[in-house]
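In the UniProt record's numbering, the protein residues as written are 1 to 248.
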């Protein structure tokens, strides 16, 4: 293949997708239809979204990093890349974290309660009158809506959280690459090619995974407390012993 060839790639449909297409990932349907009819080619791939360009992400992180260097010098401390990344992505990531907590703590944990309410209709101790039937229908509808909203929200939030991690990785790769190009001969003698390659290929990939699990550090204790409370309502003191054994 001639590396000098340029391909006209279609614009990314995610850029102009409506809210329904974003939540259901309907914007990628056309690509699936094309792949069903024939093998995909290079010119079938979409252009990169502006939010994912290494040039813009690297430039923004570089400016924030320079401000972090200046602030660190003023107070005589070591500059922190984490602080720079928090300034760049912190607000958006916390927003997605809150939405994630709504799904994990409220929606998912309310499903057993709704199932319990539905199953109570079949309890022989309760009479199956019209009043109970209405409650059974109500619990069934609420459970179905809960599962539908959970399904849609969970995947939409997860993809945005992964986007945050990917943007962190791209931005860091950009400034690492720029720094490598500006290294002096003395610094190049002290830095091996393997160190730079390891930074760009392995170390920055941690951003893709850490953004998924970091929210569970604070959601986990909250879920444990709520689960213990619900178990206490059902089985009493035994719930404390059961949760303690699980934690151990």
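Beta carbons are placed, not taken as given, at the ideal position from N, Cα and C, and that holds for glycine.
These numbers were taken from a predicted model, which means no experiment stands behind them.
- request: In angstroms with no decimal places, state the Cα-to-Cα distance between residue 302 and residue 215.
  value: Limits of the chain in this structure are 1 at one end and 248 at the other, which puts residue 302 out of reach.
task: Spell out a yes or no on whether the segment 87 to 94 and the segment 51 to 70 are touching, meaning 3 or more CB-CB pairs, one atom from each, closer than 8 Å.
output: In this structure the segment 87 to 94 lies against the segment 51 to 70, because at least three pairs of beta carbons, one per stretch, are closer than 8 Å.
message: At the level of alpha carbons, what is the spacing between residue 16 and residue 53?
response: So the two alpha carbons sit approximately 17 Å from each other.
message: Tell me which residues share the same chain as residue 210 and place their Cβ nearer than 8 Å to its Cβ, disregarding the 5 neighbours each side in the sequence.
response: Excluding positions up to five away in sequence, the list reads 165.
- prompt: Fully enclosed by the UniProt domain "ABC transmembrane type-1" (101 to 248), which alpha helix (DSSP H) runs are 4 residues long or longer?
  reply: As far as the UniProt domain "ABC transmembrane type-1" (101 to 248) is concerned, its whole alpha helix (DSSP H) runs of at least 4 residues are 108 to 119, 130 to 181, 185 to 190, 193 to 201, 206 to 213, 216 to 235, 238 to 247.
task: Please confirm whether residue 180 and residue 197 have their CB atoms less than 8 Å apart.
output: In this structure, residue 197 does not lie closer than 8 Å to residue 180 by Cβ.
- request: Buried or exposed for residue 134, please, with buried defined as at least 16 other CB atoms from any protein chain shown within 10 angstroms of its CB.
  value: Under this definition residue 134 is an exposed residue.
field: Per-residue burial, residue 149 [other beta carbons within 10 Å of its own, 16 or more giving buried]
entry: Residue 149 comes out exposed.
- prompt: Whose C-beta lies closer than 7 Å to the C-beta of residue 2 among residues of the same chain, with five residues either side of it excluded?
  reply: Note that residue 2 scores 48 on pLDDT, short of 50, meaning its location in the model is unreliable and no value can be drawn from it.
message: Can you list, in chain order, the residues of its chain with a C-beta nearer than 8 Å to that of residue 227? Leave out the 5 residues immediately preceding and following it.
response: Around residue 227: 109, 243.
- prompt: Pick from 235, 213, 212, 239: whose alpha carbon is nearest that of residue 225?
  reply: Relative to the Cα of residue 225, the nearest Cα in the group 235, 213, 212, 239 belongs to 239.
- request: Return the residue from the list 231, 156, 111, 125 that minimises the CA-CA distance to residue 142.
  value: For the residues 231, 156, 111, 125, the minimum Cα distance to residue 142 belongs to 111.
- prompt: Pick from 11, 33, 221: whose alpha carbon is nearest that of residue 50?
  reply: For the set 11, 33, 221, the Cα lying nearest the Cα of residue 50 is the one of 11.
- prompt: Taking the C-alpha atoms as reference points, what is the distance between residue 35 and residue 132?
  reply: As the crow flies, the alpha-carbon of residue 35 is around 51 Å from that of residue 132.
task: Compare the Cα-Cα distances from residue 171 to each of 23, 84, 47 and report the closest residue.
output: The shortest C-alpha separation from residue 171 is found at 84.
- prompt: Near residue 72, what residues of its chain come up, given a Cβ to Cβ distance below 6 Å and the 5 sequence neighbours on each side ignored?
  reply: Scanning its chain for C-beta atoms nearer than 6 Å, with the 5 sequence neighbours on each side dropped, one finds around residue 72 the residues 79, in chain order.
query: Nearest CA to the CA of residue 64: which residue from 116, 8, 175?
result: Of the candidates 116, 8, 175, the one whose C-alpha sits nearest the C-alpha of residue 64 is 175.
message: Give me, in chain order, the residues of the same chain whose beta-carbon lies closer than 7 Å to that of residue 249; leave out the 5 immediate sequence neighbours on both sides.
response: Outside the shown range of the chain, which is 1 to 248, sits residue 249, and nothing can be said about it.
- prompt: Between the Cα of residue 115 and the Cα atoms of 62, 137, 104, which residue gives the shortest distance?
  reply: Ranking the options by Cα distance to residue 115, first place goes to 137.
message: Taking the beta carbon of residue 157 as the centre, do at least 16 other beta carbons fall within 10 Å, making it buried, or is it exposed?
response: By the neighbour-count rule (16 or more Cβ atoms within 10 Å), residue 157 is buried.
task: From the DSSP output, in three-state form, read off residue 8 for me.
output: It is coil, neither helix nor strand.
field: residue 93 to residue 119 span [Cα, whole Å]
entry: A straight-line Cα-Cα distance of about 38 Å links residue 93 and residue 119.
query: DSSP three-state call for residue 79: helix, strand or coil?
result: Of the three classes helix, strand and coil, the one that applies to residue 79 here is coil, per DSSP.
- prompt: Can you give the Cα-Cα distance for residue 202 and residue 169, rounded to whole angstroms?
  reply: So the alpha carbons of these two residues sit roughly 10 Å apart.
message: Quick check: residue 105 and residue 219, are their CB atoms within less than 8 Å of each other?
response: Against a cut-off of 8 Å, the Cβ pair of residue 219 and residue 105 comes out as a contact.
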